[in-house]
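J.: In the working numbering, the protein residues as written are 369 to 641.
Pasting the structure below:
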């Protein structure tokens, strides 16, 4: 029996997509799965050390681990209207102030740079600690991801810029937030793509069962928030990145490598999976 180490985040979209695999409802003969749920920046750093066989990372982190991993066409987090939000406690964004960011290698950090177009003073915190720090007034501005995009207004925070909308406006591409990688040396990319798609089909067919699993791991326990998160982040790109999705990831990766001057879409993508 081959043990496959899998790293994903506890966010509802990841748990929804992988839930059937986590519960043993979907599987593959000869393979045993061990899941480790971690903050996305922890997963980014783990991928750089090739800790997992299959791992969810921020798309912006892919250049740091692409020799060891290939991108799977299923299971990722891309879309339109799904981007990180730049928030503040007072309705103003001042670039000279410290901005809280949920990790150095996150797509949120890259999208902040894409928007600011200048060096910024930053403090990196796990996304849950970041949000709590903003709510307590320990910082005046920060980039928020995951479920908190649905609750910031009621918590007294103000939207400065939807960084995803800014990305879409200036590139025309969907927002490539996260992607699933498989270790190249295991030659399991095709197998795991099929497993992820089977797991996703099971989730839709047994929604309440997988939804309950999402609640066990979610940062926000409100059913409405979790359901909104799943509806927004689990979409057609979760089943298949397609050509547009791969082009979006390629554009972001090339921008990450050479952010100035602004790049144009390429006919020869660097990201080939």
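Note that the Cβ used here is the ideal one computed from N, Cα and C, for glycine as well.
Rounded to the nearest angstrom, what separates residue 630 and residue 448 at their Cα positions?
T.: To locate residue 630, count along the chain shown from 1; it is residue 262. To locate residue 448, count along the chain shown from 1; it is residue 80. Only weak support exists for where residue 630 lies, its pLDDT of 48 falling under 50; the value from the coordinates is given anyway. Whole-angstrom Cα-Cα distance: 21 angstroms.
J.: Could you have a look at residue 521 and say whether DSSP puts it in helix, strand or coil?
T.: In the chain shown, residue 521 corresponds to position 153, counting from 1. Residue state, collapsed to three classes: coil.
J.: Below 8 angstroms on the Cβ atoms is my guess for residue 389 versus residue 554; work out the distance and round it to an integer in Å.
T.: Against the chain shown, residue 389 aligns to sequence position 21. Against the chain shown, residue 554 aligns to sequence position 186. With 8 angstroms as the limit, residue 389 and residue 554 do not qualify as a contact, their Cβ atoms being about 16 angstroms apart.
J.: Of all the alpha helix (DSSP H) runs that stay within the bounds of the stretch 387-444, which reach a length of 4 or more residues?
T.: 408-416, all fully within the stretch 387-444.
J.: Roughly how many whole angstroms lie between the Cα atoms of residue 510 and residue 575?
T.: If you number the chain shown from 1, residue 510 lands on position 142. If you number the chain shown from 1, residue 575 lands on position 207. Rounded to the nearest angstrom, the two C-alpha atoms are 33 angstroms apart.
J.: Find out if the Cβ-Cβ distance for the pair residue 532, residue 450 is shorter than 9 angstroms.
T.: The sequence position of residue 532 within the chain shown is 164, counting from 1. The sequence position of residue 450 within the chain shown is 82, counting from 1. In this structure, residue 450 lies closer than 9 angstroms to residue 532 by Cβ.
J.: Does residue 451 come out as helix, strand or coil in the three-state DSSP assignment?
T.: Taking the first residue of the chain shown as position 1, residue 451 is located at position 83. In this structure, residue 451 counts as coil in the three-state DSSP scheme.
J.: Select from 624, 426 and 499 the residue whose C-alpha is nearest the C-alpha of residue 474.
T.: As a position in the chain shown, residue 474 is number 106, starting the count at 1. Cα-wise, what sits closest to residue 474 is 426.
J.: What is the DSSP secondary structure of residue 541, reduced to helix, strand or coil?
T.: For this step, residue 541 is matched to residue 173 along the chain shown. Of the three classes helix, strand and coil, the one that applies to residue 541 here is coil, per DSSP.
J.: Can you tell which of 443, 513 and 429 has its C-alpha closest to the C-alpha of residue 610?
T.: As a position in the chain shown, residue 610 is number 242, starting the count at 1. Of the candidates 443, 513 and 429, the one whose C-alpha sits nearest the C-alpha of residue 610 is 443.
J.: Could you pull out every residue in the same chain whose Cβ sits closer than 8 angstroms to the Cβ of residue 570, ignoring the five residues on either side in sequence?
T.: If you number the chain shown from 1, residue 570 lands on position 202. Excluding sequence neighbours, residue 570 sits near 387, 388, 393, 394 and 578.
J.: Name the residue from 484, 489, 487 and 513 whose alpha carbon lies nearest to the alpha carbon of residue 498.
T.: By one-based count along the chain shown, residue 498 stands at place 130. Cα-wise, what sits closest to residue 498 is 513.
J.: So, with DSSP's three-state summary, where would you put residue 473?
T.: The residue you call residue 473 lines up with position 105 of the chain shown. Looking at residue 473 - three-state DSSP - the assignment turns out to be coil, as it is neither helix nor strand.
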